[in-house]
Amino acid sequence: MSARFEPVVLCYHATSARWQHHLSVPPDVLEHQVRHLLIRRYRPVAAEAVIAGRGRLFHVTFDDAFRSILGVLPALERLRVPATVFACTALADGGLPFPVSRQYGDPGADDLLTLTWEGLRELVERGVEVGSHTVSHPHLTRLGDAELERELQESRDRLESELRRRC
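Going by my numbering, the first residue of the sequence shown is number -17, and it counts up by one from there.
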């Protein structure tokens, strides 16, 4: 009997050694997790390939486009591991802090900053895929159909316009 392997997607948010919360992982821990898959002969692939594929494939994603992910990109690039960053377009307008409540621990002010449009364009130039994560990061299950459609469609349209590529 042969072993069946399903693709793996490592889903992260922020990367910070200071912010002790489940939304954040220390950069060295993230790199250790990626190396762990590589040692086990998982192959890093683009998002499209992991969705369509089977076997020992993996991909890395980051929700909310926290600026802190810039600190782990050199390691991912060195290991040749592609990544996708999902951005909220309203936050990208000024690189605004991600809105969190006290339940998310005690992040430093810079731990909550998100990438600006310029930062997202730099990611694209480095080969990172940027995907849509709504306009304002609402609780989608609380929205009516029209508002849900607006959050999803406007986010995608804006990303494609700003980054000049399909989302």
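No residue lacks a Cβ here, since even glycine has one placed at the ideal position from N, Cα and C. Quantities reported herein were computed from a predicted structural model and do not represent experimental measurements.
With burial defined as no fewer than 16 other Cβ atoms inside 10 Å of the residue's Cβ, what is the status of residue i: buried or exposed?
{"i": "residue 74", "result": "buried"}
{"i": "residue 11", "result": "exposed"}
{"i": "residue -17", "result": "With a pLDDT of 39 at residue -17, under the threshold of 50, the modelled position of that residue is not reliable, and no figure is offered here."}
{"i": "residue 14", "result": "exposed"}
{"i": "residue 70", "result": "buried"}
{"i": "residue 81", "result": "exposed"}
{"i": "residue 143", "result": "exposed"}
{"i": "residue 18", "result": "exposed"}
{"i": "residue 89", "result": "buried"}
{"i": "residue 111", "result": "buried"}
{"i": "residue 92", "result": "exposed"}
{"i": "residue 49", "result": "buried"}
{"i": "residue -9", "result": "exposed"}
{"i": "residue 140", "result": "buried"}
What residues match up with residue i in a beta bridge as DSSP calls it?
{"i": "residue 26", "result": "40"}
{"i": "residue 45", "result": "68"}
{"i": "residue 61", "result": "For residue 61, which the question treats as bridged, DSSP gives no partner whatsoever."}
{"i": "residue 113", "result": "68"}
{"i": "residue -7", "result": "43"}
{"i": "residue 52", "result": "DSSP, once it has assigned bridges, lists no residue as partnering residue 52."}
{"i": "residue 96", "result": "48"}
What are the boundary residues of the alpha helix (DSSP H) that includes residue i?
{"i": "residue 101", "result": "99 to 107"}
{"i": "residue 143", "result": "127 to 145"}
{"i": "residue 171", "result": "Any question about residue 171 goes unanswered here, given that the chain covers just -17 to 149."}
Starting from residue i, trace the beta strand (DSSP E) in both directions and tell me its first and last residue.
{"i": "residue -12", "result": "First-last for residue -12: undefined, no H or E at that position."}
So residue i packs on residue j, CB below 8 angstroms; how close in whole Å?
{"i": "residue 25", "j": "residue 5", "result": "Between residue 5 and residue 25 the Cβ distance is about 28 angstroms, and since that is not below 8 angstroms, they are no contact."}
{"i": "residue 154", "j": "residue 52", "result": "Residue 154 lies beyond the residue range present for the chain, which begins at -17 and ends at 149; the question has no answer from this structure."}
{"i": "residue 54", "j": "residue 9", "result": "5 angstroms"}
Counting pairs of beta carbons, one from the segment 119 to 135 and one from the segment 93 to 110, are three or more of them closer than 8 angstroms? no
Touch test, the segment -14 to 0 against the segment 44 to 55, Cβ-Cβ under 8 angstroms, three pairs minimum: yes
Are the segment 123 to 132 and the segment 61 to 76 touching by the rule of at least three beta carbon pairs closer than 8 angstroms? no
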